[in-house]
Every structure is written in C-alpha cells, then in structure tokens.
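Numbering (our numbering), first residue to last: 25 to 139.
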Amino acid sequence: MAQGKRLICATADLAEAGEGVRFQFQRHGVEQPAFVVRWKGQVRAYLNRCGHVPIELDWQPGEFFDYSRLYLICSTHGALYDPSNGACLGGRCEGRGLVAVPVEERDGGVYVEES
Ligand code: FES
Numbered sequence: 025m026a027q028g029k030r031l032i033c034a035t036a037d038l039a040e041a042g043e044g045v046r047f048q049f050q051r052h053g054v055e056q057p058a059f060v061v062r063w064k065g066q067v068r069a070y071l072n073r074c075g076h077v078p079i080e081l082d083w084q085p086g087e088f089f090d091y092s093r094l095y096l097i098c099s100t101h102g103a104l105y106d107p108s109n110g111a112c113l114g115g116r117c118e119g120r121g122l123v124a125v126p127v128e129e130r131d132g133g134v135y136v137e138e139s
C-alpha cells in the first residue's frame, strides 16, 4: 500500500454520532484495524483496539457508539471512551485511551495519512 493520503470513505457515509467506517490503517508498513466516526461535525479516527485487551471494539460491524450516542464503547467489557480524543472515561480501560489515527475531510471525502 502506498504512503501518503488514501481515501477511506465519502463525507456522506458518516452521520453525526452514527455508524462508523472500518478500514485497515498502515503505519510503518504494519496494517492494523481502525475506524472513523463523525463527532460534533468533525471526523475522528482511532485504531480499532481496546485499551483493556487489544481486541476490536464494535458490537456490530461499524457500531462504536453506546446507546446514548455520547460515548464510544467496547463491546467486550463495556469500557467507555471520549469520541473527541479517545480518552478512557471509565471501565476496564483504566486510563489507557484509544490510539488516534490522522484523518482529514476535504472535497467530499475522508482521507487517512499513512506511512
Ligand atoms: S476488552 Fe475492552 S473493556 Fe475489556
């Protein structure tokens, strides 16, 4: 996979606090599962890896928000994360937040910066 910016999805694919888009993120040649969501109008992306046990968060493919649509939640033991910065807010993540992934939105698309 080439270095630089890569299109992940269309702007219209991400509703506010709605379903996220899963993708593979490459950093230093290593591919890892990641996801992007829209929060307070901005796109936010993180590695799809819980701070408690390094497994994927979503309770159904693309479903990262809890029932209140205010927090990101791990489907395994319920750890809660701040959608704006991935910080651990409670539960078994115990202060270990999500790893942010660099994304930007422009010209109707959402792009990830890879290396
Ligand atoms: S694996 Fe996520 S809370 Fe335990």
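For every residue, glycine included, the Cβ atom is placed at its ideal position computed from N, Cα and C.
Asked	Found
Unbroken beta strand (DSSP E) run spanning Tyr-135, endpoints	133-138
beta-carbon Arg-116 near the ligand FES non-hydrogen atom, thresh 7 Å	yes
Residue of Gly-115, Ala-41, Gly-28 minimising C-alpha distance to Gly-53	Gly-28
beta-carbon Val-77 near the ligand FES non-hydrogen atom, thresh 7 Å	yes
CB contact flag (Gly-44, Phe-59, <8 Å)	yes
Counted within 10 angstroms of its Cβ, other Cβ atoms place Glu-138 as buried (16 or more) or exposed	buried
Where Ala-39 falls: helix, strand or coil (DSSP)	coil
CB contact below 8 Å: Val-77 versus chain C	Here chain C cannot be found, since the structure has a single protein chain.
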